[in-house]
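In what follows, a structure is listed as structure tokens, so that the remarks can point back to it.
Number of protein chains: 2
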Amino acid sequence: VRDWSRRRLVITAGPTREHLDPVRYLSNESSGRMGWALAETAHKRGARVTLVTGPTSFPDPKGVTVIRVVNARDMLAATRKAAHHAHAVIGAAAVADWRPHRVSRTKLKKRSTAPVIRLVANPDILATLSKERRGPFPRMAGFALESNNLLANAQEKMRLKNLDLVVANSPRALGSVRTRAILIQTGRPPHRFSGDKKRLADLILSNLLEGIRSHD
Amino acid sequence: VRDWSRRRLVITAGPTREHLDPVRYLSNESSGRMGWALAETAHKRGARVTLVTGPTSFPDPKGVTVIRVVNARDMLAATRKAAHHAHAVIGAAAVADWRPHRVSRTKLKKRSTAPVIRLVANPDILATLSKERRGPFPRMAGFALESNNLLANAQEKMRLKNLDLVVANSPRALGSVRTRAILIQTGRPPHRFSGDKKRLADLILSNLLEGIRSHD
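Line by line, the protein sequences are chains A and B. Heads up: the first sequence at position 141 corresponds to 649 in the working numbering, and the numbers run straight through without jumps. Heads up: the second sequence at position 205 corresponds to 713 in the working numbering, and the numbers run straight through without jumps.
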């Protein structure tokens, strides 16, 4: 049995919500299940886990430090802080790519003409933290959700964001218990996986934490 | 103890989700708690309840017919069908006022320029069904969520949509257990309420079902 005690791990999970006004927001289908599976598996094997999560309906996993956030910018701030001394960061959150360029402080009134929402890009959490790192730590893993050209798009994402590991899957994975995925790592052939998210969590963690000694 | 057996009631609950693409959507903070409280209270008192609900994290209430939908147009279709022989319809759902004018069949790619989302108005479920009714049934009740001018805006909504009862509250009510509200009915002074959503459910049902005989 693998023992990952003293490995410090930061995991992001869930969707983010990007508000238009106090009640309306833009979000996505992520349930947080993959992040929870990663956090629970890593904790069981002895790792010290911080879970930075957007809104989900799951209770806090036991033994894990949980930081709950709403939007992408808050998730970046919390993840950056937690990642400071971490061996690895796994971005399992489905961070909203965009947010409304303006948030109304009062609920937008229904008018005769429907509004047009101008969006602006959110920061890319993994790309930002990967650019900021000096040295091999934290190792960084991300997910690539692609409706088509799964492998090619995921490999491109890995290169652009300078990640150590990418898990490519289709939008069907969102919210489900089982999933199909391709694990991509530098210098290794892509590894195809089909099964439940707990087994996938184990595979990701084994690959990402491999060879990290507890005194690193 | 009131007995509402044979009263047929349709309740809408939760938020709706209005998709931009297979994974992204526009939604709101509604939890479904108010609709669940109404459905459970009505069922306990003997009513036959159909609950038409958007995505929530609550399990189906016992003894209630539950129809799960995603967006406003599907909620309108399901509610219209269920309301056909109902004594009352209570719109406790926070139906999205707008939806993206176009839904992409594949996940929108992150591009150098962020997209602009053109919205179009969703149908107003209560206003539509109220316009379609011939005679006093179904009686119709709705909620008015207003950040300011609570009473005036809610009375205007009641008139425009031709409702029998309106519950006015502030966006703070969304997702919470306790709530403050004003009950508005034709020919009666506004009634101020503060307490948990189960007690509010009881008050709404008592007022709305009052005087309906079981053979109506």
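Even for Gly, the Cβ is constructed at its ideal location relative to N, Cα and C.
- When C-beta atoms of the region 704 to 721 of chain A are compared with those of the region 549 to 566 of chain B, fewer than three pairs fall below 8 angstroms, so the two segments do not count as touching.
- By the Cβ rule, the region 676 to 684 of chain B does not count as touching the region 617 to 632 of chain B, because fewer than three pairs are nearer than 8 angstroms.
- By the criterion of at least three beta-carbon pairs nearer than 8 angstroms, the region 683 to 701 of chain A is not in contact with the region 514 to 530 of chain B.
- In chain order, V531 make up the part of chain B whose C-beta sits under 7 angstroms from the C-beta of E537/A.
- Against chain A, a Cβ distance below 7 angstroms from N656/B picks out T614.
- Distance between R688/A and F701/A, taken at the CA atoms: about 6 angstroms.
- Note on G719/A: under 16 other CB atoms within 10 angstroms of its CB, so exposed under the neighbour-count rule.
- For the set L659/B, L673/B, T573/B, G540/B, the Cα lying nearest the Cα of A555/B is the one of T573/B.
- Under DSSP, E526/A takes part in a beta bridge, and its partners are L534/A.
- By the Cβ-count criterion, P523/A is buried, with 16 or more other Cβ atoms from all chains shown falling within 10 Å of its own Cβ.
- If you draw a straight line from the Cα of S638/B to the Cα of A660/B, it comes to about 21 angstroms.
- A629/B has a beta carbon lying within less than 8 angstroms of a beta carbon in chain A.
- Between P623/B and chain A, the shortest Cβ-Cβ separation is below 8 angstroms.
- A direct Cα-Cα distance of roughly 19 angstroms separates L658/B from A604/B.
- In this structure L668/B is not in contact with A649/B, their Cβ atoms being roughly 15 angstroms apart against a cut-off of 8 angstroms.
- According to the DSSP assignment, S638/B belongs to no beta strand (DSSP E) but to the alpha helix (DSSP H) extending over 633 to 640.
- The residues P569, in chain order, have a CB closer than 6 angstroms to that of E548/B in the same chain once the five nearest residues on each side in sequence are set aside.
- Take the alpha-carbon of A550/B and the one of E664/B: they are about 28 angstroms apart.
- A direct Cα-Cα distance of roughly 37 angstroms separates A652/A from K617/A.
- Taking the C-beta atoms as reference points, L534/A is found no nearer than 8 angstroms to V611/A.
- Across the structure, K705/B and L682/B are spaced so that their CA atoms are roughly 11 angstroms apart.
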